[in-house]
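If you read the sequence shown in full-length UniProt numbering, its first letter stands for residue 1, the second for the next number, and so on. Heads up, the beta-carbon is just placed ideally off N, CA and C, and yes, glycines get one too. Please read these numbers as outputs of a predicted model, since none were measured by experiment.
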Amino acid sequence: MMKVEKQAATTTNSGAELLIQALKAQDVDMIFGYPGGAVLPLYDAFYDCDIPHILTRHEQGAVHAAEGYARVTGKAGVVVVTSGPGATNALTGIADAMSDSIPLVVFTGQVATPGIGKDAFQEADMIGLTIPITKYNYQVRDVKDIPKIIKEAFHIATTGRKGPVVIDLPKDISIASTDKVNDDTIHLPGYQPTVMPNRMQLEKLMQALAEASKPVILAGAGVNHARATAELLDFAEKYQIPVVNTLLGLGSFPQDHPLFLGMGGMHGSYAANMALTDPDLLINFGSRFDDRVVGVPKEFAKHAVIAHIDIDPAEIGKVLTTKIPIVADIKETLTQLLDIEIPEKADTSHWYKLNMTRKERHPFTYNREAKAEIKPQKVIEIIGDITAGKALVATDVGQHQMWVAQFYPFSHDHQIMTSGGLGTMGFGFPAAIGAQLAYPEQTVVAFVGDGGFQMTNQELAILNDYMINLKVVILNNSTLGMVRQWQEKFHNERYSHSIFQSQPDFVKLSEAYGVKAVRLTDPTTLEADLAEAFAYPGPMVIDCVISPNELVLPMIPPGKANHQMEGVE
Numbered sequence: 001m002m003k004v005e006k007q008a009a010t011t012t013n014s015g016a017e018l019l020i021q022a023l024k025a026q027d028v029d030m031i032f033g034y035p036g037g038a039v040l041p042l043y044d045a046f047y048d049c050d051i052p053h054i055l056t057r058h059e060q061g062a063v064h065a066a067e068g069y070a071r072v073t074g075k076a077g078v079v080v081v082t083s084g085p086g087a088t089n090a091l092t093g094i095a096d097a098m099s100d101s102i103p104l105v106v107f108t109g110q111v112a113t114p115g116i117g118k119d120a121f122q123e124a125d126m127i128g129l130t131i132p133i134t135k136y137n138y139q140v141r142d143v144k145d146i147p148k149i150i151k152e153a154f155h156i157a158t159t160g161r162k163g164p165v166v167i168d169l170p171k172d173i174s175i176a177s178t179d180k181v182n183d184d185t186i187h188l189p190g191y192q193p194t195v196m197p198n199r200m201q202l203e204k205l206m207q208a209l210a211e212a213s214k215p216v217i218l219a220g221a222g223v224n225h226a227r228a229t230a231e232l233l234d235f236a237e238k239y240q241i242p243v244v245n246t247l248l249g250l251g252s253f254p255q256d257h258p259l260f261l262g263m264g265g266m267h268g269s270y271a272a273n274m275a276l277t278d279p280d281l282l283i284n285f286g287s288r289f290d291d292r293v294v295g296v297p298k299e300f301a302k303h304a305v306i307a308h309i310d311i312d313p314a315e316i317g318k319v320l321t322t323k324i325p326i327v328a329d330i331k332e333t334l335t336q337l338l339d340i341e342i343p344e345k346a347d348t349s350h351w352y353k354l355n356m357t358r359k360e361r362h363p364f365t366y367n368r369e370a371k372a373e374i375k376p377q378k379v380i381e382i383i384g385d386i387t388a389g390k391a392l393v394a395t396d397v398g399q400h401q402m403w404v405a406q407f408y409p410f411s412h413d414h415q416i417m418t419s420g421g422l423g424t425m426g427f428g429f430p431a432a433i434g435a436q437l438a439y440p441e442q443t444v445v446a447f448v449g450d451g452g453f454q455m456t457n458q459e460l461a462i463l464n465d466y467m468i469n470l471k472v473v474i475l476n477n478s479t480l481g482m483v484r485q486w487q488e489k490f491h492n493e494r495y496s497h498s499i500f501q502s503q504p505d506f507v508k509l510s511e512a513y514g515v516k517a518v519r520l521t522d523p524t525t526l527e528a529d530l531a532e533a534f535a536y537p538g539p540m541v542i543d544c545v546i547s548p549n550e551l552v553l554p555m556i557p558p559g560k561a562n563h564q565m566e567g568v569e
């Protein structure tokens with residue numbers, strides 16, 4: 001008899017199956033999302049998928065949760081949303097991630113390819129909509145390209161200056177099957193981030209440091225992203241250079257260190273802002289010199305040599321004239337700087353004493369003797385003590401955000417989650433959810449205002465579903481606090497639509513979702529009440545009633561320079 005050889009069976013995969021395989025190849029351990037018609041083939045594949053999927057209650061919540069996950073882990077957050085309104089609901093979170101350099105890979109469902117451009121049901125042009133708010137975006141047109149596109153997307157999102165990448169996936173592509181895929185080798189000749197610093201520029205910086213009698217370091221989010229906190233500490237200590245943080249740079253330098261001057265900028269410390277006003281050398285590690293820090297560029301460090309180290313060349317020279325530009329990874333730069341020795345160095349002892357005196361005489365403060373009402377700053381200080389300064393802390397946007405920046409004792413990188421560049425109300429609560437899911441055993445605290453909390457508080461629904469034991473602290477003043485503060489200071493106390501005439505009962509609202517809650521109104525029992533709430537072994541909403549008249553101080557008025565702060569005590 002003739003021998004018949006058996007042919008090996010060919011494996012055929014749908015686009016949805018290829019997508020899941022590609023996610024597993026990227027070590028994705030969590031997906032945030034919300035289903036809909038255009039992504040039903042994906043969700044059908046998720047039914048048999050062992051990657052956990054977190055079903056939020058709104059697409060904006062899904063993206064913010066993925067941001068929180070990404071901020072504390074350093075990995076890319078993954079989001080899946082449907083087409084049309086599902087995708088457009090995700091735009092705020094995508095823009096937020098772009099502004100703060102947060103790595104995300106967002107899959108947006110799309111109508112089937114024959115319907116694209118024909119105003120099909122739930123169609124939105126996600127390529128056009130996301131070009132300005134992503135590092136890159138794709139629309140998949142061939143099922144064979146799915147593995148390659150996903151591999152590239154994760155590479156782009158997590159290298160160089162990190163950021164969001166959108167993959168628009170037509171429904172028919174996720175259904176289509178193939179037994180072959182295209183080569184997924186990454187070849188992006190137009191995208192080659194510079195990681196290693198130029199040696200000549202490093203030597204110029206060290207020569208400028210040798211000659212400087214008034215040097216200062218501005219440490220931004222880039223230090224945290226690069227996980228370069230240990231190197232920053234070594235460098236600052238080696239040369240006794242005072243350090244100022246940006247909002248998103250908090251945690252990159254120990255707050256109890258003598259060289260730490262605090263946060264700079266609009267609501268920064270007196271010592272920090274004065275150090276940024278009159279240095280002769282300013283070394284910027286990973287801050288983009290945003291307007292909340294620089295204020296009036298012509299008055300900012302106007303006698304200083306500016307050295308700017310950033311992974312993104314587009315940021316260097318954008319706001320301030322930079323004499324020593326260094327495009328590189330912060331960790332690699334600091335490592336090499338520490339290996340360069342300076343034979344002689346200018347005397348900086350007077351500068352050190354001046355900054356320490358400013359720091360001692362003008363700390364962040366508030367009326368600690370007040371007995372009539374709960375002080376928000378006190379709430380934050382007590383929680384800082386309860387958590388030993390080690391909690392993962394998310395904030396929403398507004399007054400409470402600045403009080404947290406001023407009074408929470410941040411101690412390590414990837415600790416703060418806050419919307420810096422876009423200033424997104426509604427960010428804090430879902431971001432905290434993402435962080436708690438990433439690290440279930442760690443203490444996670446979401447500080448929110450009553451205004452921002454009402455934008456995404458529907459995510460209370462998932463706390464018990466996924467055993468998310470975070471603590472939500474509402475600093476409740478029944479107003480849009482920062483808006484009201486600006487109206488008081490700069491609009492003749494004309495409080496136009498900034499005071500809420502009615503508010504929900506946040507305790508009852510939380511309980512309706514099955515979440516334990518407590519309202520705190522008594523300043524004399526505040527410490528014990530907070531300790532009891534934080535001891536509860538499950539999710540807890542803590543509604544702290546505070547005065548609507550409390551201001552965030554000090555403050556740099558609009559149009560004023562850093563040294564023209566008001567409210568300094």
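Where the alpha helix (DSSP H) through residue i begins and ends
| i | result |
| --- | --- |
| Gln-255 | No alpha helix (DSSP H) contains Gln-255, which DSSP labels as neither H nor E. |
| Asp-202 | With the sequence shown as reference, residue 202 is identified as Leu, and Asp is not the correct amino acid for it. It spans 199 to 211 - the alpha helix (DSSP H) in which Leu-202 sits, taken as one unbroken run. |
| Lys-238 | 229 to 239 |
| Thr-277 | 270 to 277 |
| Gln-399 | 399 to 407 |
| Asp-44 | 40 to 46 |
| Val-243 | That residue, Val-243, is in no alpha helix (DSSP H); its beta strand (DSSP E) goes 243 to 245. |
Exposed unless 16 or more other CB atoms sit within 10 angstroms - verdict on residue i
| i | result |
| --- | --- |
| Arg-358 | buried |
| Glu-381 | buried |
| His-350 | exposed |
| Ile-121 | Going by the sequence as given, residue 121 is Phe instead of Ile. Phe-121 should be labelled exposed. |
| Ala-431 | buried |
| Glu-566 | exposed |
| Leu-338 | exposed |
| residue 570 | No information on residue 570 is available, as it lies outside the stretch 1 to 569 that the chain covers here. |
| Gly-61 | buried |
| Asn-492 | exposed |
| Glu-203 | exposed |
| Val-4 | In this predicted model, Val-4 has a pLDDT of only 49, less than 50, meaning its place in the structure is not dependable; the value taken from the coordinates is given anyway. Per the 10 Å Cβ criterion, exposed. |
| residue 570 | It is not possible to answer for residue 570, since the shown part of the chain is limited to 1 through 569. |
| Arg-361 | exposed |
| Gly-559 | exposed |
| Ser-177 | exposed |
| Gln-415 | buried |
| Gly-265 | buried |
| Lys-238 | exposed |
Residue i - containing beta strand (DSSP E), residue span
| i | result |
| --- | --- |
| Gln-454 | Here Gln-454 belongs to no beta strand (DSSP E); instead the alpha helix (DSSP H) covers 450 to 456. |
| His-58 | Counting along the chain, His-58 falls outside any beta strand (DSSP E), and DSSP gives it neither H nor E. |
| Tyr-34 | 31 to 34 |
| Met-540 | 540 to 545 |
| Phe-285 | 281 to 285 |
| Lys-471 | 471 to 476 |
| Met-263 | 260 to 263 |
| Val-568 | First-last for Val-568: undefined, no H or E at that position. |
| Asp-310 | 305 to 310 |
| Ile-217 | 215 to 219 |
| Gly-428 | That residue, Gly-428, is in no beta strand (DSSP E); its alpha helix (DSSP H) goes 428 to 438. |
| Val-106 | 104 to 110 |
Contact test: residue i Cβ vs the ligand GDP heavy atom, cutoff 7 Å
| i | result |
| --- | --- |
| Pro-215 | Although the ligand GDP was asked about, the structure shown includes no ligands whatsoever. |
Nearest-angstrom Cβ-Cβ length linking residue i and residue j, presumed shorter than 8 Å
| i | j | result |
| --- | --- | --- |
| Thr-456 | Gly-423 | 15 Å between Cβ atoms; not a contact. |
| Asp-413 | Asn-224 | 4 Å |
| residue 573 | Gly-163 | This structure leaves residue 573 out entirely; the chain is present only between 1 and 569. |
| Ala-435 | Tyr-34 | In fact, because the Cβ distance is near 20 Å, the residues do not count as touching under 8 Å. |
| Cys-544 | Ile-462 | At roughly 23 Å, the Cβ-Cβ gap does not stay under 8 Å, so Cys-544 and Ile-462 are not in contact. |
Test: residue i CB closer than 8 Å to a CB of chain B
| i | result |
| --- | --- |
| Glu-527 | Among the chains in the structure shown there is no chain B, since it carries only a single protein chain. |
- [ ] Taking only runs that begin and end inside the segment 113 to 195, name each unbroken beta strand (DSSP E) of 3 or more residues, in chain order.
- [x] 136 to 139, 164 to 170
Worksheet item: Below 8 Å, can you find three or more Cβ-Cβ pairs linking the segment 243 to 259 to the segment 211 to 231?
Response: yes
Exercise for the section: Evaluate the contact criterion for the segment 108 to 117 versus the segment 168 to 177: three or more CB pairs, one atom per stretch, below 8 Å. Expected result: Of all C-beta pairs linking the segment 108 to 117 to the segment 168 to 177, three or more are shorter than 8 Å, placing the two stretches in contact.
Threshold first: 3 residues or longer. Then list the beta strand (DSSP E) segments lying entirely within the segment 324 to 393, N to C.
324 to 327
Are three or more beta carbon pairs between the segment 546 to 556 and the segment 359 to 376 nearer than 8 Å?
yes
Notebook entry, point to check: Touch check for the segment 130 to 147 and the segment 93 to 103: three-plus C-beta pairs under 8 Å?
Noted result: yes
Review point. Which runs of the alpha helix (DSSP H) fall wholly inside the segment 467 to 532 and span at least 4 residues, in chain order?
Key: 481 to 490, 506 to 512
Query raised in the report: If you pair each beta-carbon of the segment 10 to 20 with each one of the segment 137 to 153, do three or more pairs fall below 8 Å?
Result: yes
Any contact of the segment 71 to 82 with the segment 153 to 162, i.e. 3+ C-beta pairs under 8 Å? yes
Q) Does the segment 197 to 215 come within contact of the segment 269 to 283, defined as at least 3 CB pairs closer than 8 Å? A) With a cut-off of 8 Å, the segment 269 to 283 and the segment 197 to 215 count as touching, because enough Cβ pairs lie within range.
* Is the segment 431 to 449 in contact with the segment 470 to 484, if contact means three or more CB pairs nearer than 8 Å? -> Judged by pairs of C-beta atoms under 8 Å, the segment 431 to 449 touches the segment 470 to 484, as three or more such pairs exist.
Review point. Which parts of the segment 69 to 100 are runs of the beta strand (DSSP E), unbroken and 3 residues or longer, counting only runs that do not cross its ends?
Key: 77 to 81
**Message:** Under 8 Å, with one C-beta from each stretch per pair, do the segment 261 to 280 and the segment 396 to 413 reach the 3-pair mark?
**Reply:** yes
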